[in-house]
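Chains as they are written, first to last, in numbering that gives the first Met the number 0: chain C, 0 to 97; chain A, 0 to 97; chain G, 0 to 465; chain L, 0 to 465.
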Amino acid sequence: MTGTLLVGVYVFVLAMFVGFEIITKVPPTLHTPLMSGSNAISGISIVGALVIAGSGESTLFTMIGLAAVILAMINVVGGFVVTDRMLHMFRRAPDTKS
Amino acid sequence: MTGTLLVGVYVFVLAMFVGFEIITKVPPTLHTPLMSGSNAISGISIVGALVIAGSGESTLFTMIGLAAVILAMINVVGGFVVTDRMLHMFRRAPDTKS
Amino acid sequence: MPAGTLSTLILLSYLVSAVLFIVGLKRLQSPDTARGGNRLAAIGMLIAIVATLLDRAILDFTWIIAGLVTGGGIGLIMARMVAMTAMPQMVGAFNGFGGAASALVAVSEFLRVSRSTGVFETDHGISIMAGTLIGVITFSGSMIAFGKLQGIVTESAIQSQFIRLLSILLAVGALAGAGYLVVAGANELLYWGLIVFALILGVLVVIPIGGADMPVVIALLNSYSGLAASSAGFVLDNNALIISGALVGASGLILTSIMCRAMNRSLANVLFSAFGVGMETTRAGEEGEKVAIPIDGEDAAMLLGYASQVIFVPGYGLAVAQAQHKVRELADLLTARGVKVKFVVHPVAGRMPGHMNVLLAEANVPYDQLYEPEDVNPDIENVDVAVTIGANDVVNPLARDDASSPIAGMPIIECDRAKTSIVIKRSLSVGYAGIDNPLFYKPNNRMFFGDASVAIQRMIDEVKEL
Amino acid sequence: MPAGTLSTLILLSYLVSAVLFIVGLKRLQSPDTARGGNRLAAIGMLIAIVATLLDRAILDFTWIIAGLVTGGGIGLIMARMVAMTAMPQMVGAFNGFGGAASALVAVSEFLRVSRSTGVFETDHGISIMAGTLIGVITFSGSMIAFGKLQGIVTESAIQSQFIRLLSILLAVGALAGAGYLVVAGANELLYWGLIVFALILGVLVVIPIGGADMPVVIALLNSYSGLAASSAGFVLDNNALIISGALVGASGLILTSIMCRAMNRSLANVLFSAFGVGMETTRAGEEGEKVAIPIDGEDAAMLLGYASQVIFVPGYGLAVAQAQHKVRELADLLTARGVKVKFVVHPVAGRMPGHMNVLLAEANVPYDQLYEPEDVNPDIENVDVAVTIGANDVVNPLARDDASSPIAGMPIIECDRAKTSIVIKRSLSVGYAGIDNPLFYKPNNRMFFGDASVAIQRMIDEVKEL
Ligand SMILES: NC(=O)c1ccc[n+]([C@@H]2O[C@H](COP(=O)([O-])OP(=O)(O)OC[C@H]3O[C@@H](n4cnc5c(N)ncnc54)[C@H](OP(=O)(O)O)[C@@H]3O)[C@@H](O)[C@H]2O)c1
Ligand SMILES: NC(=O)c1ccc[n+]([C@@H]2O[C@H](COP(=O)([O-])OP(=O)(O)OC[C@H]3O[C@@H](n4cnc5c(N)ncnc54)[C@H](OP(=O)(O)O)[C@@H]3O)[C@@H](O)[C@H]2O)c1
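Okay, here's the thing in structure tokens:
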């Protein structure tokens, strides 16, 4: 294993810890938005897709990249918008007691 | 900034997040052991100290390394042992209800 | 695309994105901050995209713009159009797209190596293979899950030894092929074969699972789509992808385990037992012996209108009947009459975690009027009327009383201990878990037969008459 | 020592160490798992040490063994001998050693560069300077904090404009010098100068802070010692150091902010206000006007022995008098008589977070008999006798009633609302915050003057007579 991969493993393990710690504290009320919101985040592969699509290496790569950009973008935009739509509906009682 | 330093920054930021998430959930009861235990962990610089002390580069480096090993080792052993001593005293009631 | 070739600024932007994702998810810990958190995460994504576009490795923007606009447009339309009840399949489809995108990143990296040296550095090769396989399986599995929930794939759930054996063979074959490719160097034909294997594997793994278990599968695939993104991150040596993928991976795993625990079943049981197959049509066998007392709208309205404390327990049927607005209307009517109304939401009521919360939020029920079972159960004797609306398993006393029942140990809302219980559903048939519900035959229970939406409307009309 | 030269196995061991540290700290979230967690962390450290020793960069083991044995021995003896009451200064001293070790790592790296090329890569140079400065300041600051708590540095707290100005000048000088070194290349004389600056700076920053504020300073220095280790990690490009240091850095910061918040003061106020200076000798001015009613052992024993509910509120005086075992004995006696006894521990009672918990645990008080203020305050009217043992500020009603008091807003244990309150202390003098306590003059309060240990012994004797 090279150092670079290993550093990636360090980063992965730490991020997993952060994820576990943060997500376990999300209340059940918000589990559906959590699912769609985190789903949108997994569209981060858009970053890789963009580089491929723009590399100009050959038509093949451009087309693969284009497909990846479209798919990832659906995931990103769709995910964030639908989460926002859901969360928009959550509201406190107008006559809040506490 | 080189890539290596930046990766270090990634690791640092993630570890800070992990630390914050985990430590905020430690109850006040255990704050003193937390302080001494985390203190022991900061003795991790023993790792750097060992490499210097063993590098055999010159007497100067060996002596600096030796001093660093001794100091870090006091921190590590002292920290863990004193924390264990404290935690040993924490116990549940013999007639636990729950 | 090793890290060295990206400029510091871009790498720092990625770090900012990752931090925004983390902070955004953290804000999801409370409904008050959740919307802002989602926006922060979206801003993080925007920063990552813009930073990437500034990368000097990008030479040709034509197709990129086309792709961004097309994908963004489709995503926007889907997100705007989808009904709240269709959320599970929507998330399922998005998972699939994310997985496919990650897989395509790995594919193009494979092709790049294959068309230059043809030899993999071991760890780069492993990352590419992992990215490809996980991404493709996520894609085909998600599409099947989507199809099942949407009613497109009507294939009834079958759990045959044959399928299981075939899956194992395919998995072993895919792993062996991937290993061979890493060691022996790029071979495009074999690689396409692997991809086909993975596509079929995804289908075979999801097909045998009962439609009702799909939400668990979707949460699991959510986790996979994260792992696929992480793998793509390893392929590109990009920490932003690794971090974001790991966050999503952790999130999906936790949701999966929460659902399994709330149903008191293991993940293996969900994946391999063909649970919940064809039970929508099963009828309780002992109807003849036990008596379920029906009630009509007028009597129900009398009970409700003159009660001092009422709880509503929504379940999957509420979602099916889209009765959330009606229920809210009824609750408002009763509150206006001085009745104390609470909504009690079980963590696995409905078909995905937090499903009821989203529906009730859509109907403008403030989230601080929602209670969890453990808040209400201790004093449930003081509740005059417990109205169960299209719920079944989550109010089934067997979970508490019968250790041999398949749902034994699952926490329930103990409506049978309320002074009076009213259950609104269309028949005496079973729910998700496929077991009979003794609550229906308790002397203090009344059945209000009918579609939840229609039934509640009837109650509203009658309460207004009081 | 760039990462590339370390073998994969060693790097993986470091990852395992880091994970063990994280899991170990996580286990500190409950007293049941805390001890195991501490051991896990210790195992993680052992793994890191062993992995490092296997590194081929290590050629000469003689001095290493000598160092490990000497340091380990000293640490062991210190840890075994220290009294529980001396914990704050102990942690303070250890912080200093850790900071010094990190600084020495940076120093040796500086010397290595200085004696080869003499030129720094910018980021390597920055890491070295940060490691040196943070480590050295942590060291000298910790030594002063230790000295103050141990009573070696008796220098009374002074907060003069001169010291503040000098500190700022030194800080600016150190930063400028460090920047110059990074840009212009190694210059050993200047570097030693910087170290002297940093040593003095550490002293000057801590000297003006009142002895009573030392625990906050120690938590802050704890955080610094973590940051110093992280810097050393950047210097050596070693992620294990970076991660561990960041964990400790976060932990120290959180403890600092918890202490400040519990005292309702800002960190800036703690560091720069010379709060709590010389107040051990300050007497409340209005003693003459108000009347504090004393009580003797016999009457106190009567009240306690025939009560049905008693709470004990320990404070700093308990630690001073080492009365924890006596209190436990009294509590046992009362419990045997059928009295319901609770210990109510304020989060900042004593002089460091969790101080009382450690003392009571030492006296074998089970931790599930310890309550937090908010558990007890709502029903405190039903408490027959509230016994305050060497506490003062944490039961001061001014925090609740007087918005202009320096402790306004600090949560307190409302002993003044109990049926009877007994306060055990040696005089009417003030506590840490230096303000008078109206509780002493309430009609339902009795003062039991004397050293806590002696006073409790008197109560024990009298209760036995009942
Ligand atoms: N939430 C999650 O994350 C999740 C995930 C996976 C599995 N599950 C499982 O799903 C179940 C959820 O329990 P639940 O009580 O909410 O639902 P349930 O047990 O599945 O029962 C739903 C009931 O609603 C009735 N119904 C259907 N359509 C209706 C309509 N239009 N009007 C009125 N009633 C209607 C059905 O009876 P009729 O046919 O007689 O009308 C059915 O018995 C649990 O077993 C849980 O383990 C939950
Ligand atoms: N825990 C932390 O982390 C922390 C950190 C920093 C600051 N603080 C501060 O420390 C204070 C803690 O409050 P506290 O109520 O525990 O202590 P306190 O307000 O400092 O009062 C302690 C009292 O104990 C008495 N005492 C001293 N020696 C005694 C002995 N041998 N026998 C009997 N009594 C004795 C003293 O009165 P006499 O002289 O009359 O006996 C003194 O008034 C708070 O203000 C808090 O903000 C806490």
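Where a beta carbon is used, it is the ideal one built from N, C-alpha and C, also for glycine.
Backbone secondary structure at residue i - three-state DSSP
| i | result |
| --- | --- |
| K147/G | helix |
| Y370/G | strand |
| N444/L | strand |
| I423/L | strand |
| L103/G | helix |
| I406/G | coil |
| A385/G | strand |
| P313/G | strand |
| V340/G | strand |
| Q308/L | strand |
| P396/G | coil |
| P346/L | coil |
| P87/L | helix |
| P365/G | coil |
| P293/G | strand |
| M351/G | coil |
| Q485/L | Since the first residue shown for chain L is 0 and the last is 465, residue 485/L is missing from the structure and cannot be characterised. |
| E413/L | coil |
| L4/C | helix |
| N94/G | helix |
| M262/L | coil |
| P207/G | coil |
| I242/L | helix |
| D430/G | Contrary to the premise, residue 430/G reads as Gly rather than Asp in this sequence. Here G430/G sits in coil by DSSP. |
| G55/A | coil |
| F119/L | coil |
| A185/L | coil |
| F109/G | helix |
| V135/L | helix |
Cβ distance (whole Å) where residue i is taken to contact residue j below 8 Å
| i | j | result |
| --- | --- | --- |
| P293/G | R445/G | 7 Å |
| A71/A | G97/L | 7 Å |
| M86/L | M351/L | 7 Å |
| L13/C | V17/A | 6 Å |
| I217/G | S229/G | I217/G to S229/G, Cβ: 19 Å. No contact. |
| I21/G | I21/C | 7 Å |
| I421/L | V386/L | 5 Å |
Any heavy atom of ligand 1 nearer than 5 Å to the CB - residues listed: Qualifying residues come out as P214/G, M258/G, M262/G, G314/G, Y315/G, G316/G, V319/G, A320/G, V347/G, A348/G, G349/G, M351/G, P352/G, G389/G, A390/G, N391/G, D392/G, V393/G, K424/G, R425/G, S426/G, S428/G, G430/G, Y431/G, A432/G, D450/G, A451/G.
With contact counted as at least three CB pairs below 8 Å, one residue from each stretch, are the stretch 297-317 of chain L and the stretch 328-346 of chain L in contact? Yes: at least three Cβ pairs fall under 8 Å.
Per the contact definition of three or more C-beta pairs closer than 8 Å, is the stretch 371-380 of chain G in contact with the stretch 413-429 of chain G? Contact holds between the stretch 413-429 of chain G and the stretch 371-380 of chain G, because three or more Cβ pairs, one in each stretch, are under 8 Å apart.
Assess contact between the stretch 73-88 of chain L and the stretch 74-86 of chain A, defined as three or more Cβ pairs (one per stretch) separated by less than 8 Å. Is contact present? The stretch 73-88 of chain L is in contact with the stretch 74-86 of chain A.
Okay, do the stretch 38-48 of chain C and the stretch 33-42 of chain A touch, 3+ Cβ pairs below 8 Å being the bar? The stretch 38-48 of chain C, when compared against the stretch 33-42 of chain A, does not touch it at the 8 Å Cβ threshold.
Cβ contact (3+ pairs, closer than 8 Å) linking the stretch 52-67 of chain G and the stretch 1-13 of chain A: Contact between the stretch 52-67 of chain G and the stretch 1-13 of chain A is absent, because fewer than three Cβ pairs lie under 8 Å.
Quick one: any contact between the stretch 48-59 of chain C and the stretch 238-250 of chain G, if contact means 3 or more CB pairs under 8 Å? Taking one beta carbon from each stretch, the stretch 48-59 of chain C and the stretch 238-250 of chain G have fewer than 3 pairs nearer than 8 Å; the two do not touch.
Cβ pair count under 8 Å reaching 3, the stretch 105-121 of chain L against the stretch 145-152 of chain L: No: fewer than three Cβ pairs fall under 8 Å.
What residue ranges within the stretch 15-45 of chain A form continuous beta strand (DSSP E) runs of no fewer than 3 residues, ordered along the chain? Complete beta strand (DSSP E) runs here, min 3: none at all.
Would the stretch 101-113 of chain L and the stretch 219-236 of chain L be scored as touching if the rule is three or more Cβ pairs under 8 Å? Segments in contact, yes.
Indicate whether the contact test is met: 3 or more Cβ pairs, each with one atom in the stretch 456-464 of chain L and one in the stretch 425-435 of chain L, closer than 8 Å. Between the stretch 456-464 of chain L and the stretch 425-435 of chain L, the count of C-beta pairs closer than 8 Å stays below three; the two stretches do not touch.
Quick test of the definition: if touching needs 3 or more C-beta pairs under 8 Å, does the stretch 343-357 of chain G touch the stretch 86-95 of chain G? Because the criterion of three Cβ pairs below 8 Å is met, the stretch 343-357 of chain G and the stretch 86-95 of chain G touch.
Is there contact here, the stretch 451-458 of chain L with the stretch 339-349 of chain L, by at least three beta-carbon pairs under 8 Å? Touching, no, given that fewer than three Cβ pairs across the two stretches are closer than 8 Å.
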